[in-house]
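Peer 1: If you count the sequence shown from 1, position 68 lands on 68 in our numbering, and the numbers rise without skipping. Quick reminder that beta carbons are idealized off the backbone N, C-alpha and C, glycines included. I'd like to ask you about the structure that follows.
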Amino acid sequence: MIEAKYGNDLMEGGEKTLTLVFYILIAAAVGTAASTQVILNSNLNKTANLSLTVLVVNTIAMVSSLVIYLLFSRQSLTVLRDAEWYAFLGGVLGLVIVMGSTFLIPKLGVSITTSIIIMAQLSFAMIADHYGLAGVRHIPVEPVRIAALMLMGSGVYLFFK
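Printed below as a string of structure tokens:
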């Protein structure tokens with residue numbers, strides 16, 4: 001059952017289910033934000049070239065992050081000395097995501113671009129889960145997960161029709 005496999009093991013029954021529902025709602029909000037972001041970035045790219053669009057979008061993200069940090073965090077930046085070097089590559093990958101999706105939306109459309117991105121995310125996420133890459137929780141690849149990925153691949157194909 002989903003609750004037993006992915007819920008917090010310290011909770012019981014209904015509380016575990018409510019927690020899982022809450023996590024699903026957060027994930028849905030993040031997905032909606034991601035889809036909205038690529039549309040807005042593509043819209044900005046109609047006015048500015050790709051490199052200026054990416055600079056503006058990431059500057060706004062940086063300033064917003066700084067405001068959130070200054071308002072809500074009491075943690076010193078010195079803790080970052082303990083982070084693995086590769087943990088900082090997330091910023092570079094964020095740049096790739098923003099630049100790539102902004103470039104592709106006008107050429108492929110939102111649905112096709114997003115479906116390919118999601119398919120690639122899920123494929124890599126299964127690998128990361130299976131091998132516990134970068135310290136993520138180990139969740140083994142199972143035949144049903146591979147079948148689900150193949151089914152999603154069929155859906156991506158249908159977006160091209």
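Would you mind stating whether Ser115 and Asn41 have Cβ atoms separated by less than 8 Å?
Peer 2: no
Peer 1: Below 8 Å, can you find three or more Cβ-Cβ pairs linking the region 68-85 to the region 115-127?
Peer 2: no
Peer 1: Between which two residues does the alpha helix (DSSP H) harbouring Leu93 extend?
Peer 2: 89-108
Peer 1: With Met126 and Leu104 assumed to form a contact (beta carbons below 8 Å), what rounded beta-carbon distance in angstroms separates them?
Peer 2: Met126 to Leu104, Cβ: 23 Å. No contact.
Peer 1: Confirm, please, whether the CB-CB distance from Ile39 to Val110 is below 8 Å.
Peer 2: Yes, the pair counts as a contact, with Cβ atoms nearer than the cut-off.
Peer 1: Just checking, does the region 49-67 make contact with the region 83-99 on the three C-beta pairs under 8 Å criterion?
Peer 2: yes
Peer 1: For Asn49, which of helix, strand or coil comes out of DSSP?
Peer 2: coil
Peer 1: Please return the same chain residues whose Cβ sits closer than 8 Å to the Cβ of Val30, not counting the five positions on each side in sequence.
Peer 2: none
Peer 1: So, are the CB atoms of Val56 and Leu44 less than 8 Å apart?
Peer 2: yes
Peer 1: Hey, how far is the Cα of Leu158 from the Cα of Ile118?
Peer 2: 14 Å
Peer 1: Span of the alpha helix (DSSP H) holding Phe159?
Peer 2: 143-159
Peer 1: Given this structure, state the Cα-to-Cα distance separating Leu133 from Ala27, to the nearest angstrom.
Peer 2: 21 Å
Peer 1: Let me know the secondary structure DSSP gives Gly135 once reduced to three states.
Peer 2: helix
Peer 1: Any heavy atom of the ligand HEM closer than 7 Å to the Cβ of Arg81?
Peer 2: Ligands in the displayed structure: none, and consequently the ligand HEM is not present.
Peer 1: Once DSSP output is grouped into helix, strand and coil, what is the label at Ala83?
Peer 2: coil
Peer 1: Using the rule of at least 16 other Cβ atoms within 10 Å of the residue's Cβ for burial, across every protein chain shown, is Val92 buried or exposed?
Peer 2: exposed
Peer 1: Please report the distance separating the alpha-carbon of Ala61 from that of Tyr23.
Peer 2: Straight-line measurement puts the Cα of Tyr23 at about 23 Å from the Cα of Ala61.
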